[in-house]
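Student:
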Amino acid sequence: MKTKLLTLSKSITGALSIGILATQMAWAAPAIPQAEFNQMVKEALVNNPEILKEAIIALQESEQNKVKEQQGKSLNDNYAALFNNKMDPWMGAENPELTIAYFTDFNCPYCKKIEPLLERLVEENPEIRIVYKLVPILGPSSKEATDLALTVWQNEPEKFAELHKKLMSRPSRLDSEAIAKVGKITDTEAWLDDTGKSVETTINTSMGLMREFGLSGTPALVFADQIVGGLVPYEQLEKQVKAALAAQRNK
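According to mature numbering (1 follows the signal peptide of the UniProt record, and there is no 0), the sequence shown holds residues -28 to -1, 1 to 223 in order.
1. How do the region 61 to 77 and the region 93 to 109 stand: do at least 3 beta-carbon pairs fall below 8 Å, yes or no?
2. So what does DSSP say about Thr160, is it helix, strand or coil?
3. So Gln220 packs on Leu70, CB below 8 Å; how close in whole Å?
4. Let's see if you can read the secondary structure: which residues bound the beta strand (DSSP E) around Met63?
5. For Asn50, which residues of its own chain have a beta-carbon under 7 Å away from its beta-carbon, when the five flanking residues on both sides are left out?
6. What separation, rounded to the nearest whole angstrom, lies between the Cα atoms of Ala1 and Val213?
7. Determine contact between the region 193 to 210 and the region 154 to 171, defined as no fewer than three beta-carbon pairs at a distance below 8 Å.
8. Taking 7 Å as the cut-off, decide whether the C-beta atoms of Glu99 and Ile151 are in contact.
9. Three-state secondary structure (DSSP) at Ala150?
10. Where does the unbroken beta strand (DSSP E) through Ala196 begin, and where does it stop?
11. With a threshold of 16 other CB atoms inside 10 Å of the CB of Asp166, please say whether the residue is buried or exposed.
12. Grab the span of the beta strand (DSSP E) containing Lys223 for me, first residue to last.
13. Using DSSP's beta-bridge definition, name the partner residues of Leu106.
14. Using DSSP's beta-bridge definition, name the partner residues of Leu70.
15. Cutting at 7 Å between CB atoms, please list the residues of its own chain near Glu87, excluding the five before and the five after it.
16. Within 10 angstroms of its Cβ, does Ala7 collect 16 or more other Cβ (buried), or is it exposed?
17. Whose CA, out of Trp125, Cys83, Pro129, Ile28, lies closest to the CA of Ala192?
18. For residue 274, list the residues DSSP reports as bridge partners.
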């Protein structure tokens, strides 16, 4: 019995996922009665709990690799829509070596915190461009602010940066009154009720990309080969940019 348990334990330890675990356990004792086999499995797991831990870790790694593989495919398939959509606002280099897509919402508190980091990133790395993917996922006022921002970008792009900064600088959630006030301050109030169909198309494209990449919130940064989600420290952003630039230059 001890020899059988040892064989079964080794089989389980070598498993790479729960599915493989079950297959290997069955293979390890094909001639053992079911009741005895079940008892052996129970004893193996009780005596060696790290077996189950290793299998769970392996399963998690396998799932993460699948997600990365799918994201890599999506990046290739949607490259132009991500980085070269002329309807999207941007800041940074006119002719960039590296373009980063930035999914953001005007009501997102974490976006408000990451904005200064992105501005610094562009200042310290003049060869990069950050493209705004405006996704109004946090209520009607997010949509209202996005409509105004995209309309201004498409008609008076020179006023976008100031408008964007003032909308983002509000510490609490936006409302119609606050948006109208920003419009007046930035001399863009004429566009408050003049949203064109192209704006809706731009928003729908960005929302579709967000779903394609499985992004559940903002902020999210999409580089040429990977995605960085959430509020991250400047040092991580800078490291990511340097690595992406090096990869571009070595192609």
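Cβ atoms here follow ideal geometry from the backbone N, Cα and C, with glycine treated the same way.
Every value quoted in this text rests on a predicted model; they were computed, and no experiment measured them.
Tutor: So, from the listed chains and residues:
1. yes
2. coil
3. 6 Å
4. 62 to 64
5. Leu181, Glu184
6. Unreliable placement is indicated for Ala1, whose pLDDT of 48 sits below 50; the coordinate value is still reported in the next sentence. The alpha-carbon atoms of Ala1 and Val213 are separated by roughly 52 Å.
7. no
8. no
9. helix
10. Counting along the chain, Ala196 falls outside any beta strand (DSSP E), and DSSP gives it neither H nor E.
11. exposed
12. Careful: Lys223 lies outside any beta strand (DSSP E) and carries neither H nor E.
13. Thr76
14. Ile100
15. Met140
16. exposed
17. Cys83
18. Not covered by the structure: residue 274. The range shown for the chain is -28 to 223.
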